[in-house]
Amino acid sequence: MTAKDIVDIGRRMYDKGHIVAHDGNLSVFHGNTVYITPANISKGFMHEDQIVEMTLDGNVLNAAVPSTEYKMHLAIYRNNRKARAIVHSHPIYATTYACMGMPLKSELLAEAKFQLGDIPLVKYQVPGTDEAAESCIPYCNDYNGLLLEKHGLVTWGVNLTDAYFKTEIAEFLARITYNIGRSDR
Ligand SMILES: [Zn+2]
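Heads up: the sequence shown begins at 167 in this note's numbering, then just goes up one per residue.
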């Protein structure tokens, strides 16, 4: 069921334009296993047997290559034991703020304030590196997501639906923030 959930959510994210081409990655931490999307395969076209299984220490358990950003997922799971699923994507409005180097403030919108919280900005690190993974650690217990400078958005939650909805709320907040900035008030 875990692999099927990842395939289903990946397709939704691709269809909604939150990710393009091979972008983004999703994972679920269940039992002692991290189930994560594979490298170089579009999340809009995945099959269940392509989902990679690995340990929290980074050992791959099946014959597959995990996302190049798997270290970020493992770092968040190791440092926030309540996190059971992680969604990383490049939604256009949230990514716009990430590229401008601006965090998202949840006080603008009731749903964001109560269901998401602020989304801080993490300074740019090359995606997939140890440094990129370590840069998330100071934030992963106090927030539900992060903007990765010049890159995109990552959210986590108690299950995959929760993590995915936090991505949707963050993107909605970014869109509202953009519209306010564009208004004539
Ligand atoms: Zn990315």
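By construction, the Cβ of each residue, glycine as well, lies at the ideal position given by its N, Cα and C atoms.
- In chain order, VAL324 place their CB closer than 7 Å to the CB of LYS248, counting only its own chain and leaving out the 5 sequence neighbours on each side.
- Beta-bridge partners of PHE195 (DSSP): VAL200.
- Assignment of alpha helix (DSSP H) within the region 232 to 320, counting only whole runs of 4 or more residues, yields 236 to 245, 258 to 266, 276 to 281, 296 to 302 in chain order.
- Contact check between the region 208 to 223 and the region 178 to 191: three or more CB pairs, one atom from each, fall below 8 Å, which counts as touching.
- In the three-state reduction of the DSSP assignment, VAL324 falls in the coil class, being assigned neither a helical nor a strand state.
- Excluding five sequence positions before and after ALA298, the CB atoms of its chain that fall closer than 8 Å to its own CB belong to GLU235, LYS237, MET238, GLN291, VAL292, LEU314, given in chain order.
- Rounded to the nearest whole angstrom, the C-alpha separation of SER301 and LEU275 is 27 Å.
- Nearest C-alpha to ALA169 among MET220, ILE258, LYS279: MET220.
- Short note on GLY318: C-beta closer than 6 Å to some heavy atom of ligand 1.
- A Cβ-Cβ separation of about 14 Å leaves PRO304 out of contact with ASP284 under the 8 Å criterion.
- Taken atom to atom, the span from the alpha-carbon of THR333 to that of THR327 is near 10 Å.
- Rounded to the nearest whole angstrom, the C-alpha separation of ALA260 and VAL226 is 31 Å.
- For ILE242 and HIS213, the gap between their C-alpha atoms comes out near 25 Å.
- DSSP places MET220 in the strand class (E or B) of the three-state scheme.
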